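Chains as they are written, first to last, in the numbering used here: chain A, 1 to 112; chain B, 1001 to 1109. Scroll down for the structure; my scribbles are underneath it.
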């Protein structure tokens, strides 16, 4: 049963600390998306990659957020330094080309 | 840019049909999707329709696409308590999805 996995599922950290979230896309999927979901803003696209190359990261605050795909089986989203306003659920999704996206269970981040 | 609009809430009685609506402005998408998000979970693909189709049925789910009016709907027959969730419509655009804000489906006993 192929699925997207994300770690950690929950993260509580203090303001100013570095946070790294990881995603393993479905094997064979070549497109990976990072989303953030909050009550106020809903679902926001932060960045996405195709064949490991970043295609669009315009939704991401550049000064503190960075996204990478070190290899085809791992995508990372890093926040440094974290701030309370970064508290949200962060989702990774993968897709095969332009077709439907499959979401991971999310990482619930709380920054105090 | 693309606008995709949904009502924020829909309340229906258990056993009735639910109809969740979505309107959009740009009609160049090839695929149109419905996703379901249960509390505390990720988004789950429910169904999709190809843009050259008017209707697609999958068990209790019926998707209707009116391209002239730029209107997409999801009908859930015999709504059950397990259908309580937020339902998102999404349209594909250049390898991305353009998302509606989601409709929270509330089931009344």
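Beta carbons: idealized from backbone N, C-alpha and C, even for Gly. Small disclaimer: the values here were computed from a predicted structure and weren't measured.
- The beta carbon of residue 1033 of chain B sits closer than 6 Å to the beta carbons of 1048, 1090 from its chain, once the five residues preceding and following it are set aside; these are given in chain order.
- The stretch 59-78 of chain A makes contact with the stretch 27-46 of chain A, as at least three CB pairs between them are under 8 Å.
- The beta carbon of residue 86 of chain A is closer than 6 Å to those of 79, 111 in its chain, skipping five residues each way along the sequence.
- Not one beta carbon of chain B lies nearer than 8 Å to the beta carbon of residue 90 of chain A.
- Partner residues in the beta bridge of residue 1032 of chain B, as assigned by DSSP, are B:1049, B:1091.
- In the three-state DSSP reduction, residue 5 of chain A falls in the strand class (E or B).
- Remark: C-beta atoms of residue 101 of chain A and residue 1097 of chain B approach each other more closely than 8 Å.
- Taking every protein chain shown into account, the CB of residue 1011 of chain B has fewer than 16 other CB atoms within 10 angstroms, so this residue is exposed.
- Where residue 1055 of chain B is concerned, the enclosing beta strand (DSSP E) starts and stops at 1055-1058.
- Annotation: Cβ neighbours of residue 45 of chain A in chain B (cutoff 7 Å, chain order): 1096.
- When DSSP states are grouped into helix, strand and coil, residue 50 of chain A belongs to the strand group.
- In the structure shown, residue 1039 of chain B falls within a coil segment according to DSSP collapsed to helix, strand and coil.
- The residues 1055, 1073, in chain order, have a CB closer than 6 Å to that of residue 1064 of chain B in the same chain once the five nearest residues on each side in sequence are set aside.
- In the three-state scheme derived from DSSP, where H, G and I count as helix and E and B as strand, residue 22 of chain A is classed as strand.
- Taking 8 Å as the cut-off, the beta carbon of residue 7 of chain A is found no closer than this to the beta carbon of residue 82 of chain A.
- Among the residues facing chain B, residue 31 of chain A is included, as its CB has a counterpart in that chain under 8 Å away.
- It is roughly 42 Å from the alpha-carbon of residue 75 of chain A to the alpha-carbon of residue 1013 of chain B.
- The continuous beta strand (DSSP E) containing residue 71 of chain A extends over residues 65-71.
- Around the beta-carbon of residue 41 of chain A, fewer than 16 other beta-carbon atoms lie within 10 Å, marking it exposed.
- In the DSSP assignment, residue 94 of chain A falls within the unbroken beta strand (DSSP E) covering 88-95.
- Under the Cβ criterion of 8 Å, residue 42 of chain A is counted among the residues facing chain B.
- Residue 93 of chain A is classed as buried because its beta carbon has at least 16 other beta carbons within 10 Å across all chains shown.
- For residue 1085 of chain B, not one C-beta of chain A is nearer than 8 Å to its own C-beta.
- Counting only Cβ-Cβ distances below 8 Å, residue 100 of chain A has contacts in chain B at 1031, 1033, 1045, 1048, in chain order.
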